[in-house]
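For reference, the structure discussed in these notes is given below.
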Amino acid sequence: MASNYNPAITFSEVLTLLLLPLLTVGELVQEQPLVLKYHNGQLLKGRITVNLIWYGTFTPIQRSVIVDFINSLSSAPNAALPSTATWWKTTENYKGGSSALVVGSQILHPAYTLGKSLKGNHLLALASKFNQLNSISVVLTAKDVAVEGFCMSRCGTHGSTRNVRNAARTAYIWVGNSETQCPGQCAWPFHQPIYGPQTPPLVAPNGDVGVDGMIINLATLLAGTVTNPFNNGYFQGPPTAPLEAVSACTGVFGSGSYPGYPGKVLVDKVTGASYNAHGVNGRRYLVPAMWDPQSLICKTLV
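For the sequence shown, position 173 matches number 895 in the working numbering, and the numbering has no gaps at all.
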């Protein structure tokens, strides 16, 4: 069963809570901390190869922004702080130690061989191009590719496939470029939100609303994949619609966040771009908060 990620779902739920009567001080004191229960399943730990399938038209710059991001998670020793590697290090606090991501093979599909309207079985077929153990296949669809459920219920998803020869399970992720389809839903806070308070959008750190939005969704799904790859790892709620390491913290990017406001982040004085993490090759990214099993809070970098 795939785990869908849609930041608007939790956002609207939180917005509804704001309309409820204010809690008393006593009720606030009794509020329980957020806890993602461990369901005793396999996690993805150690060296993990991330194979990329680019479906549709992506420019070399767009591809390098995403590749640099993945490389920044586990191998950015010289990156300034706060860094994407520091953010990813929180996954070590989940059982089993570290998860070191390494970009592996890449396949380009610029000819739209399956058309420009994809269903779930198309994503599985693309993800199955790679069937190696301890790996994640990431399918990235271009801005002119419609995917079943995209925008309506999800901005990306992760799940698993089985190898027909040895029944081994391999994790996969799909993330779509929402620049022209639903940027207010899947590229927030770099675009005006569809619902809720209409705060001014942030300036995308890499100058590309669609790709910088993909980074947020990819970060969310990578964390969810290594900590809950087969629907029996860390999550809260029903396994068919779980809240995972980052999706449990939706909408939080910096301290002081609240629905419609991503929180205090860093701003480049020259370009006005907003970010909270440094990566390789001088890249800057905006990564969402991640739930920390040690402190039981949604931890931000700034």
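Backbone N, C-alpha and C define an ideal beta-carbon position, used for all residues, glycine too.
- Within the segment 760 to 830, the complete alpha helix (DSSP H) segments at least 4 residues long are 782 to 796, 806 to 811, listed from N- to C-terminus.
- Between L766 and S796 a beta carbon distance of about 12 Å is seen, past the 8 Å cut, so the two are scored as non-contacting.
- For V1002, the closest alpha carbon among the candidates N800, G768, R876 is that of N800.
- Taking the CA atoms as reference points, F852 sits about 10 Å from Y894.
- Judged by their CB atoms, S725 and N953 are nearer to each other than the 9 Å cut-off.
- Counting the other CB atoms within 10 Å of its CB gives N762 a total below 16, which places it among the exposed residues.
- G994 sits exposed, since fewer than 16 C-beta atoms from the chains shown fall within 10 Å of its C-beta.
- Secondary structure of H913 (DSSP, three-state): coil.
- Here the alpha carbon of A941 sits roughly 25 Å from the alpha carbon of A890.
- If you draw a straight line from the Cα of G881 to the Cα of P729, it comes to about 18 Å.
- Each of V933, Q907, Y834 was checked against the Cα of T781, and the nearest Cα belongs to V933.
- Contact between S977 and T1022 holds: their C-beta atoms lie close to 6 Å from each other, under 8 Å.
- Following the DSSP letters along the chain, one finds C908 inside the alpha helix (DSSP H) bounded by residues 905 to 908.
- Here V933 carries a helix assignment [DSSP, helix/strand/coil].
- By the C-beta density criterion, I1019 is exposed, having fewer than 16 other C-beta atoms within 10 angstroms.
- Contact check for W776 against L830 passes: the beta carbons are separated by less than 9 Å.
- Taking C-beta separations shorter than 7 Å and ignoring five residues to either side along the sequence, the partners of W810 in its chain run L795, S796, following chain order.
- The alpha-carbon of N815 is positioned some 17 Å away from that of P755.
- For the beta strand (DSSP E) assignment, the uninterrupted runs of no fewer than 3 residues enclosed by the segment 959 to 1016 are, from N- to C-terminal side, 1012 to 1014.
- Rounded to the nearest whole angstrom, the CA to CA distance from G842 to V992 is 42 Å.
- Straight-line measurement puts the Cα of K865 at about 18 Å from the Cα of Q914.
- Straight-line spacing of the CA atoms in M936 and K817 works out to 27 Å.
- In the DSSP secondary-structure assignment, I895 is bridged to V860, H880.
- Rounded to the nearest angstrom, the Cβ distance from T879 to V1009 is 19 Å, too far for a contact under 8 Å.
- Looking at the DSSP output, K1021 sits in a beta bridge with M1012.
- For P984, the closest C-alpha among the options T921, C873, L944, N939 is that of T921.
- By the neighbour-count criterion, in which 16 or more other beta carbons inside 10 Å mark a residue as buried, A802 falls on the exposed side.
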